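Comments concern the structure below.
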Amino acid sequence: MKIRSIFALFLLTSGIAEAQTGFSGDPLNAVFETKDTDRFWKAFDNMETAKQNPFADYIKDGSAGVKGFTESRIISADSLYSKVKKRKEDYLKSRSVLAGIHQKEKRTRAIYSALKYWYPEAEFPPVYFVYGRFNSGGTSSNDGIIIGTEMLKNLDGVTGLISHELIHFQQNNKGKNTLLKQCLGEGSADFIGELISGEHINPIPFQYGESHTDQLYPEFVARLKEESYNDWLYGTSKKDDRPNDLGYWIGYKITEAYFNRQTDKRKAIHDTLNIQDPLLFLKESGLLNRYITEYTKKNKMKYDDFFKE
Numbered sequence: 606m607k608i609r610s611i612f613a614l615f616l617l618t619s620g621i622a623e624a625q626t627g628f629s630g631d632p633l634n635a636v637f638e639t640k641d642t643d644r645f646w647k648a649f650d651n652m653e654t655a656k657q658n659p660f661a662d663y664i665k666d667g668s669a670g671v672k673g674f675t676e677s678r679i680i681s682a683d684s685l686y687s688k689v690k691k692r693k694e695d696y697l698k699s700r701s702v703l704a705g706i707h708q709k710e711k712r713t714r715a716i717y718s719a720l721k722y723w724y725p726e727a728e729f730p731p732v733y734f735v736y737g738r739f740n741s742g743g744t745s746s747n748d749g750i751i752i753g754t755e756m757l758k759n760l761d762g763v764t765g766l767i768s769h770e771l772i773h774f775q776q777n778n779k780g781k782n783t784l785l786k787q788c789l790g791e792g793s794a795d796f797i798g799e800l801i802s803g804e805h806i807n808p809i810p811f812q813y814g815e816s817h818t819d820q821l822y823p824e825f826v827a828r829l830k831e832e833s834y835n836d837w838l839y840g841t842s843k844k845d846d847r848p849n850d851l852g853y854w855i856g857y858k859i860t861e862a863y864f865n866r867q868t869d870k871r872k873a874i875h876d877t878l879n880i881q882d883p884l885l886f887l888k889e890s891g892l893l894n895r896y897i898t899e900y901t902k903k904n905k906m907k908y909d910d911f912f913k914e
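What follows is the structure, encoded as structure tokens:
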């Protein structure tokens with residue numbers, strides 16, 4: 606199973622971390638931390654002979670990445686031990702998956718350098734490769750980017766995933782937690798991540814979205830102020846044949862339209878990573894103006910009133 610095929614689960618479990626401080630602003634200082642995988646396999650190899658849970662030390666001595674993965678993913682040493690015993694063969698499939706990681710580290714530094722060009726304020730946190738319970742491909746946290754190594758069957762596309770999470774790490778978006786704000790957060794991570802890496806990591810919702818714009822654009826306009834993400838992010842109601850995570854597509858489209866309308870492209874990236882007013886950002890993108898006009902006429906609203914919370 607390639608990394609792209611686990612991206613849906615990655616999306617379901619990835620958080621949008623606001624920009625942090627205290628990490629290097631030099632892309633050449635980017636770090637891939639893999640010591641936790643060594644600790645995991647030491648515990649794994651001791652399962653048959655250990656008198657106590659061998660994964661207790663993996664949790665206790667783990668990096669900030671393990672700590673960040675424990676709260677809602679690993680849960681505890683006991684829950685991890687139970688999962689490993691049940692899926693021992695599945696874990697073994699990833700034992701050598703990081704063999705080529707140093708080449709990906711070089712590629713990641715190049716991607717980080719591209720972000721530095723577009724966004725000089727960027728900071729570059731460590732990338733932690735850890736082992737969890739097959740319930741998360743990765744996430745961003747205050748401590749860095751965390752990848753669930755057990756989910757990887759090879760390293761195809763891993764730099765694209767890291768790029769996406771790197772953008773989440775830089776984001777400092779304001780406003781209510783509406784569908785619009787969340788879609789902008791995810792879609793802009795896809796857009797800027799692709800800009801710096803050249804990798805498009807979420808093709809299925811994009812393919813569907815592009816062929817159903819007349820249906821989806823007006824639906825999104827009607828719902829974008831809601832705080833429910835259903836049918837757009839992290840799952841669907843199965844009311845039709847849409848795939849999960851169309852919100853990534855619509856957020857990407859809005860971000861792309863905003864970027865294309867700006868003369869100063871670097872400022873456009875800065876604005877996208879620091880959205881102060883999601884509705885104003887949408888308005889300035891121009892993407893959905895036709896559908897917003899139709900919606901306001903139908904609901905007897907003034908056009909400008911639509912962009913007020």
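Here the sequence shown stands for residues 606 to 914, numbered as in our numbering.
Don't be surprised by glycine CBs; every beta carbon is placed ideally from N, CA and C.
Just so you know, these numbers come straight off a predicted model, no measurement behind them.
Where residue i falls: helix, strand or coil (DSSP)
i           : result
residue 792 : helix
residue 840 : coil
residue 629 : coil
residue 865 : helix
residue 895 : helix
residue 606 : Since pLDDT at residue 606 reaches only 35, below the 50 mark, its modelled position is unreliable, and no value is offered.
residue 762 : coil
residue 889 : helix
residue 914 : coil
residue 756 : helix
residue 848 : coil
residue 977 : This structure gives no information on residue 977, because the portion of the chain shown stretches from 606 to 914.
residue 876 : helix
residue 858 : helix
Burial state of residue i (16 or more Cβ within 10 Å)
i           : result
residue 833 : exposed
residue 653 : exposed
residue 883 : buried
residue 906 : exposed
residue 827 : exposed
residue 810 : buried
residue 697 : exposed
residue 831 : exposed
residue 648 : buried
residue 726 : exposed
residue 656 : exposed
residue 895 : exposed
residue 705 : exposed
residue 778 : buried
Close beta carbons around residue i, own chain, < 6 Å, minus the five adjacent residues each side
i           : result
residue 796 : 857, 860 and 861
residue 710 : 637
residue 673 : 746, 748 and 751
residue 890 : 859, 862 and 863
residue 825 : 855
residue 753 : 737, 741, 742 and 743
Identity of the residues DSSP links to residue i by a beta bridge
i           : result
residue 825 : Answer by DSSP bridge pairing: none, since residue 825 is not bridged.
residue 751 : 733 and 744
Nonlocal neighbours in the same chain, by C-beta distance under 7 Å from residue i, ignoring five residues either side
i           : result
residue 888 : 912
residue 716 : 764, 768, 801 and 802
residue 633 : 714
residue 892 : 858, 859 and 862
residue 628 : 728, 729 and 730
residue 840 : 849
residue 666 : 644
residue 898 : 908
Same chain only: Cβ atoms within 8 Å of residue i, ignoring 5 sequence neighbours per side
i           : result
residue 805 : 765, 795, 799 and 811
residue 835 : 841 and 842
residue 664 : 671, 675, 679, 681, 682 and 685
Contact test: residue i Cβ vs the ligand GDP heavy atom, cutoff 6 Å
i           : result
residue 710 : In the structure on display, the ligand GDP does not appear, and there are no ligands present to speak of.
* Run through the stretch 675-741 for me and flag every whole beta strand (DSSP E) of 3 or more residues, listed as ranges in chain order. => The stretch 675-741 contains these whole beta strand (DSSP E) runs: 732-735.
* Any chance you could list the alpha helix (DSSP H) runs of at least 4 consecutive residues sitting entirely within the stretch 633-673, in chain order? => Entirely contained in the stretch 633-673, the alpha helix (DSSP H) runs reaching 4 residues are, in chain order, 640-650 and 660-665.
* What are the complete alpha helix (DSSP H) segments, minimum 4 residues, inside the stretch 776-820? -> Correct list: 784-802 and 808-815.
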